[in-house]
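Undergrad: Heads up: the sequence shown begins at 51 in my numbering, then just goes up one per residue.
Virtual Cβ for every residue (Gly too), placed ideally from N, Cα, C.
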Amino acid sequence: MLQSTEVSPLIRLNTIGYLPDSPKQASVAGKFSRFAVVRVRDGKKVYEGEAAETVTNADTDEQITIADFSALKTPGEYRLEIPDIGFSPPFRIGTDVYDFPFYTIMKGMYLWRCGTAVSGKHNGDTFAHEACHTEDAYLDYVGGGHVRRDATGGWHDAGDYNKYVVNAGVTVGVMLRAWEDFGTRLRRVRLDIPESGGKLPDYLAEIKWEIDWLLKMQAEDGSVYHKISTRQFGPFIPPEQEKEPRFYAGWSTAATADFVAMTAGFARAVRPYDASTAKRCLQAARKSWEFLQRHPEDHKSDTRGLITGGYQTDDPDDRLWAVAELWETTGDPALLKDLEERIRAQGARIDHDFDWANVRNLGMITYLLSRRGGKDSALMNQVKTNLIATAERIVQTARSHGYARPLGDAYYWGCNGSVARQAVVLHAAYRVTKKPEYLNAMLDALNHLFGRNFYGRSFVTGLGYQPPMRPHDRRSGGDKVDAPWPGYLVGGSHPGARNWHDVQDDYRTNEIAINWNAALIYALAAFVSSP
Numbered sequence: 051m052l053q054s055t056e057v058s059p060l061i062r063l064n065t066i067g068y069l070p071d072s073p074k075q076a077s078v079a080g081k082f083s084r085f086a087v088v089r090v091r092d093g094k095k096v097y098e099g100e101a102a103e104t105v106t107n108a109d110t111d112e113q114i115t116i117a118d119f120s121a122l123k124t125p126g127e128y129r130l131e132i133p134d135i136g137f138s139p140p141f142r143i144g145t146d147v148y149d150f151p152f153y154t155i156m157k158g159m160y161l162w163r164c165g166t167a168v169s170g171k172h173n174g175d176t177f178a179h180e181a182c183h184t185e186d187a188y189l190d191y192v193g194g195g196h197v198r199r200d201a202t203g204g205w206h207d208a209g210d211y212n213k214y215v216v217n218a219g220v221t222v223g224v225m226l227r228a229w230e231d232f233g234t235r236l237r238r239v240r241l242d243i244p245e246s247g248g249k250l251p252d253y254l255a256e257i258k259w260e261i262d263w264l265l266k267m268q269a270e271d272g273s274v275y276h277k278i279s280t281r282q283f284g285p286f287i288p289p290e291q292e293k294e295p296r297f298y299a300g301w302s303t304a305a306t307a308d309f310v311a312m313t314a315g316f317a318r319a320v321r322p323y324d325a326s327t328a329k330r331c332l333q334a335a336r337k338s339w340e341f342l343q344r345h346p347e348d349h350k351s352d353t354r355g356l357i358t359g360g361y362q363t364d365d366p367d368d369r370l371w372a373v374a375e376l377w378e379t380t381g382d383p384a385l386l387k388d389l390e391e392r393i394r395a396q397g398a399r400i401d402h403d404f405d406w407a408n409v410r411n412l413g414m415i416t417y418l419l420s421r422r423g424g425k426d427s428a429l430m431n432q433v434k435t436n437l438i439a440t441a442e443r444i445v446q447t448a449r450s451h452g453y454a455r456p457l458g459d460a461y462y463w464g465c466n467g468s469v470a471r472q473a474v475v476l477h478a479a480y481r482v483t484k485k486p487e488y489l490n491a492m493l494d495a496l497n498h499l500f501g502r503n504f505y506g507r508s509f510v511t512g513l514g515y516q517p518p519m520r521p522h523d524r525r526s527g528g529d530k531v532d533a534p535w536p537g538y539l540v541g542g543s544h545p546g547a548r549n550w551h552d553v554q555d556d557y558r559t560n561e562i563a564i565n566w567n568a569a570l571i572y573a574l575a576a577f578v579s580s581p
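What follows is the structure, encoded as structure tokens:
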């Protein structure tokens, strides 16, 4: 059997593996003419090939030679062998290669739960904390005095323990989009969470944990508080040891609109399983939508005194998404008219890159893929045309990059999440065209995040070859387990391709966040095998 010490850092590929019928390529920082694929079990060569091409990869300043072994489809565990360069890390070929990563990253969402004890095992280690932040939260900053109003529950947002509605928006939105697109297979996935075996599929049960918190963030008038936060970021200690008081931040129209979209979308998803929860969510969505109708101004939250994540954003995209989800859930013609006016006003655009500050794509895709009648056919065609053009741009970007990175040479805080989030646009384009190039570009994103990158390493804790060991995560830095908490995508290189550091204090490149995990959940959900 080949030994791990033989791994060459110059051979970069997906260290999780490949689907049997998918393209399979490695990027090698060096020149060679021939390569082989060897079976890990006995070292036998099972495939031999020639170098496909050598390209200049500008953002890493390297000459990259491509090894293409797409013709190998037999399930098994393998390595690349390249003369004078060495061996790659091991990888698998199989229809189920993404099942365990999906499970692990979804368990990561469970392990992010606030207000309750959690526990999970990974690679022989137990990751657990006791019930935390059970006094959430106080009304001092929203005019209610030092009075507690229940805001327990939800997910910790990132490497810190605060909770933010706007970032919950794109997180829940992308996860619900995955349910819309892949629910047939996701409803059968067991996640081994406390709700397993209940009336909801595990996937929806995990989202409900966040929704139940979000419902507590709605004020009596329908406005939605912006966040729950300590006055400033806390130290690297387990969450149950953080005893600093936490407070509501004032309402914002972006948070309120995102709340409408999330609760209306969840009402639709959960309706076949839990009619009472669906009814409660839809009522909450309507109440906040009525508040927004009374407040057309773009109102930012007053977060003075709470020096943590801002998540302040203009609200036109949030309102578009809100009305799209409310219309799709109710079929109200007046909402459709409102939605189409907003789509026209925003140019029917589909953005190649989006995140918490711009959720327009979620509303646009809901509109385009809806089976409801009454839509303006000319506007539909415009949205479809723009979607396909954006998907083509992403495909061409991946093809021109030495590591087939669908985001190209864009590097910024959280760019790994954006690499994964390309899958949302690509799959929507696949839904309307059935072009396999779009699925292949989705796989390019996964390949990059799991090792086909400048570092030749996985960017997800606990998964793949040499995954991050020191993420900016207060649980990982504050507990007594040597390994980091598993199932978290770190932010990635920024401001350039060579600037990622596996260092706890480097939050700009090595933090974790729920919105990045949700993007990876979507990308993986597309390829989970049917149980």
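Can you find the residues in the same chain that come closer than 8 angstroms, C-beta to C-beta, to Ala299, ignoring five residues on each side of it along the sequence?
TA: Tyr191, Val192, Tyr275, His276, Lys277, Ile278, Ser279, Ser351, Asp352, Thr353 and Leu356
Undergrad: Buried or exposed: which applies to Asn592, given that a residue is buried once 16 or more other Cβ atoms fall within 10 Å of its Cβ?
TA: Because the chain is modelled from 51 through 581, residue 592 falls outside the range shown and cannot be assessed.
Undergrad: Among Pro517, Gly542, Ala101 and Lys81, which one has its Cα closest to the Cα of Val87?
TA: Of the candidates Pro517, Gly542, Ala101 and Lys81, the residue whose Cα lies closest to the Cα of Val87 is Ala101.
Undergrad: Which value, in whole angstroms, describes the spacing of the CA atoms of His21 and Leu189?
TA: Residue numbering for the chain in the displayed model covers 51 to 581; residue 21 lies beyond these limits and cannot be assessed.
Undergrad: Does the structure place the region 72–81 close enough to the region 106–124 that three or more beta carbon pairs sit under 8 angstroms?
TA: yes
Undergrad: Does DSSP put Ser28 in a helix, a strand or coil?
TA: Absent from the model: residue 28. The displayed extent of the chain is 51 to 581, so no value can be given.
Undergrad: For a test of the three-state rule: what should DSSP assign to Asn466, helix, strand or coil?
TA: helix
Undergrad: Whose C-alpha, out of Tyr557, Arg199 and Asp368, is nearest the C-alpha of Glu347?
TA: Measuring from the Cα of Glu347, the nearest candidate turns out to be Asp368.
Undergrad: Identify which residue in Asn217, Phe341 and Arg321 has its Cα closest to the Cα of Leu332.
TA: Arg321
Undergrad: Spatial neighbours of Ala255 within its chain, please: CB distance less than 7 angstroms, with the 5 preceding and 5 following residues excluded, ordered by chain position.
TA: Ile243, Glu245 and Gly248
Undergrad: Considering only their Cβ atoms, is the gap separating Ala187 from Phe297 smaller than 8 angstroms?
TA: The criterion of a C-beta distance shorter than 8 angstroms is satisfied by Phe297 and Ala187.
Undergrad: Taking the alpha-carbon positions, what's the Pro251 to Glu56 distance?
TA: 43 angstroms
Undergrad: Go ahead and pull the three-state DSSP assignment for Glu487.
TA: helix
Undergrad: What are the partner residues of Asp175, as DSSP defines its beta bridges?
TA: His172
Undergrad: For Asp552, I'd like the list of residues in its chain whose CB is within less than 7 angstroms of its CB, leaving aside the five on either flank, ordered along the chain.
TA: Result list for Asp552: Pro518, Met519, Arg520 and Asn560, in chain order.
Undergrad: Taking the alpha carbon of Gly542 as the point to measure from, which residue in Gly514, Gly512, Ser508 and Asp262 has its own alpha carbon closest?
TA: Ser508
Undergrad: Could you tell me which whole alpha helix (DSSP H) segments of length 4 or greater appear in the region 232–316?
TA: Listed in chain order, the complete alpha helix (DSSP H) runs (minimum 4 residues) inside the region 232–316 are 252–266.
Undergrad: Whose CA, out of Met156, Val222 and Ser169, lies closest to the CA of Lys241?
TA: It should be pointed out that residue 241 corresponds to Leu in this sequence rather than to Lys. It is Met156.
Undergrad: Using DSSP with H/G/I as helix, E/B as strand and the rest coil, what is Ile61?
TA: strand
Undergrad: Just tell me which of Thr358, Arg455, Ala325 and Trp162 has its CA closest to the CA of Gly203.
TA: Comparing C-alpha distances from Gly203 to each of Thr358, Arg455, Ala325 and Trp162 shows the shortest one belongs to Trp162.
Undergrad: Met51 to Phe137, Cα distance in whole Å?
TA: In this prediction, Met51 scores a pLDDT of 37, lower than 50, which makes its location untrustworthy; the coordinate-derived value is nonetheless stated afterwards. Distance between the alpha carbons of Met51 and Phe137 is about 12 angstroms.
Undergrad: Just to confirm the assignment, what range does the beta strand (DSSP E) spanning Arg89 have?
TA: Arg84 to Arg89
Undergrad: Could you name the residues of the same chain whose beta carbon sits closer than 7 angstroms to that of Thr145, not counting the 5 residues immediately before and after it, in chain order?
TA: Leu69, Pro70 and Ser579
Undergrad: Could you check whether Gly458 and Pro59 sit closer than 8 angstroms to each other, using their CB atoms as the reference points?
TA: With contacts defined as CB atoms closer than 8 angstroms, Pro59 and Gly458 fail to qualify as a contacting pair.
Undergrad: Which same chain residues end up closer than 8 angstroms to Leu122 when comparing Cβ atoms and leaving out the 5 residues on each side of it in sequence?
TA: Lys74, Val87, Val96, Tyr97, Tyr128 and Ile143
Undergrad: Does DSSP put Leu52 in a helix, in a strand, or in coil?
TA: With a pLDDT of 41 at Leu52, under the threshold of 50, the modelled position of that residue is not reliable, and the figure given next carries that caveat. Coil, per DSSP.
Undergrad: Can you tell me where the beta strand (DSSP E) with Thr115 in it begins and where it stops?
TA: Glu112 to Asp118
Undergrad: Our contact map puts Gly223 next to Gly315 with C-beta atoms below 8 angstroms; I'd like the distance itself, whole angstroms only.
TA: 7 angstroms
Undergrad: Does the region 431–443 come close enough to the region 525–540 that 3 or more CB-CB pairs lie under 8 angstroms?
TA: no
Undergrad: For Lys337, I'd like the list of residues in its chain whose CB is within less than 6 angstroms of its CB, leaving aside the five on either flank, ordered along the chain.
TA: Gly272
Undergrad: Just verifying my parser: in three-state terms, what is the DSSP assignment at Asp367?
TA: helix
Undergrad: Count the other CB atoms within 10 Å of the CB of Lys94; is the residue buried (16 or more) or exposed (fewer)?
TA: exposed
Undergrad: Contact between the region 520–534 and the region 283–293 is defined here as three or more beta-carbon pairs at a separation below 8 angstroms; is this criterion met?
TA: Contact between the region 520–534 and the region 283–293 is present: three or more C-beta pairs spanning the two stretches fall below 8 angstroms.
Undergrad: On the three-state DSSP scale, how would you describe Tyr515?
TA: coil
Undergrad: Measuring only the C-alpha atoms, how far is Asp382 from Gly209?
TA: 40 angstroms
Undergrad: DSSP on Ala441, reduced to helix/strand/coil?
TA: helix
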